[in-house]
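Take a look at the structure below.
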Amino acid sequence: MIFIVGSLIAFGIVRLMSGDPVMMALSERNLPATEENISYLKKEFGLDKSLSMQYFEWISDFIKGDWGKSYMTDVDLKPEILRRAPVSLMLGLLGLIYASILAFWLGYLSSLKDGFFDKFTRALALFTQTVPVFILIILFVYFFGVKYRFIRFFKTGSIASLAVGTFFVGLPLIGPMSRTVRIYFLEVMKKPFFRFYIERGYKREKALLKYCYHEPLQGLSGLLISQSAYVIGASSVVEFALSIQGLSTFLIESIAHRDYLIIQTYIMMIIIWMFFVHLIFSVFSKFVIKRGSA
1 MIFIVGSLIA FGIVRLMSGD PVMMALSERN LPATEENISY LKKEFGLDKS LSMQYFEWIS
61 DFIKGDWGKS YMTDVDLKPE ILRRAPVSLM LGLLGLIYAS ILAFWLGYLS SLKDGFFDKF
121 TRALALFTQT VPVFILIILF VYFFGVKYRF IRFFKTGSIA SLAVGTFFVG LPLIGPMSRT
181 VRIYFLEVMK KPFFRFYIER GYKREKALLK YCYHEPLQGL SGLLISQSAY VIGASSVVEF
241 ALSIQGLSTF LIESIAHRDY LIIQTYIMMI IIWMFFVHLI FSVFSKFVIK RGSA
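Numbering (the UniProt record's numbering), first residue to last: 1 to 294.
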């Protein structure tokens, strides 16, 4: 049901975009906008059929694994998207993973006392929510790539670009998530079972980390489900700013040319991404609950 609704939204959104892909293709190919040329391209792109027929043909081909060809380059979409998808997946997934690990530990440390870590996470959350990530990327590239030449950016398959990209995808998540984890730990400290461990002689640090981490971890996993949508947008900004050849740069190029099939396929990939992220973290959350109640 989710995929059906998502596919209808994907199909409908691109049809509401201004601009005609046929006219853009004619301009790209330096062909006159004659009635014959327009009719030929509409037939080639499958745009001469009714909207309902276009939708059913597209979704049936998509399910079969035939994702069509680009209107502009005539390149098969499936191999091109599968070539770029791992790059975007790595940026998003690794960004989420490293941000969640740091957020958990920073949240834990900041909950122990109102000291350095509490002030640091508060400042980090404020800073990353105030300064756009693309500004930080531009400054980073200027100082480390242009002025001091420590890192070589804008090179196809550059490990440095991917590492820096992953860092900036996860950076804006660390501060807010660590503050949320801190709140969960503070709430745990008010509960009877925590006082039970303290009365048994456990230090607060050990009691929290060894026996009382389940609720903060469960809260963090729930937060990651919602933040996975943010990661998609952040990956787009990072890929464009660092010229990383992922799905998002492919999307930006296709939007400029109103390449319907690419945009529709990209939206479907996002839906699939969100579905599996939600599934994985829901299972993880249930596992944490089960361990906590054991």
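All C-beta atoms in this analysis are idealised placements derived from N, C-alpha and C, irrespective of residue type, glycine included.
- At a Cβ-Cβ threshold of 7 Å, Val75 and Gly165 do not count as neighbours.
- Residue environment for Phe275: exposed (fewer than 16 other C-beta atoms within 10 angstroms of its C-beta).
- By the 16-neighbour rule on beta-carbons within 10 angstroms, Gln227 is buried.
- Residue environment: Met17 is assigned as exposed (fewer than 16 neighbouring CB atoms within 10 Å of its CB, all protein chains considered).
- Rounded to the nearest angstrom, the Cβ distance from Leu261 to Gly6 is 16 Å, too far for a contact under 8 Å.
- Around the Cβ of Ile4, a 10 Å sphere holds fewer than 16 other Cβ atoms; the residue is exposed.
- Taking a contact to require three or more Cβ pairs closer than 8 Å, the stretch 50 to 69 and the stretch 257 to 271 qualify as touching.
- Per DSSP, Met23 is one residue of the alpha helix (DSSP H) stretching across 21 to 28.
- Nearest to Cys212 by alpha-carbon distance, out of Tyr184, Lys113, Glu199, is Tyr184.
- DSSP, read as helix, strand or coil, puts Lys42 in helix.
- In the DSSP assignment, Thr128 falls within the alpha helix (DSSP H) that extends over 116 to 130.
- Boundaries of the alpha helix (DSSP H) around Ser52: 51 to 64.
- By the Cβ test, the stretch 188 to 198 is not in contact with the stretch 165 to 180, since fewer than three Cβ pairs between them sit closer than 8 Å.
- When the Cα atoms are used, Lys64 and Lys78 turn out to be separated by approximately 11 Å.
- Using a C-beta cut-off of 8 Å, the stretch 136 to 146 makes no contact with the stretch 89 to 99, since fewer than three inter-stretch Cβ pairs fall below that distance.
- Here the alpha carbon of Pro176 sits roughly 11 Å from the alpha carbon of Phe104.
- Per DSSP, the beta-bridge partners of Asp76 are Lys69.
- The C-beta separation of Pro21 from Tyr71 comes to about 5 Å, placing the pair in contact by the 8 Å criterion.
- Taking the Cα of Phe120 as reference, the smallest distance to any Cα among Phe134, Leu102, Ile135, Ile137 is reached at Leu102.
- Around the beta-carbon of Ser254, 16 or more other beta-carbon atoms lie within 10 Å, marking it buried.
- DSSP places Met274 within a helical segment (H, G or I) once states are collapsed to three.
- The criterion of a C-beta distance shorter than 7 Å is satisfied by Met24 and Arg258.
- Taken through DSSP and simplified to helix, strand or coil, Leu47 comes out as coil.
- Arg179 is the residue among Leu139, Leu209, Arg179 whose C-alpha sits nearest the C-alpha of Ala125.
- DSSP places Ala103 within a helical segment (H, G or I) once states are collapsed to three.
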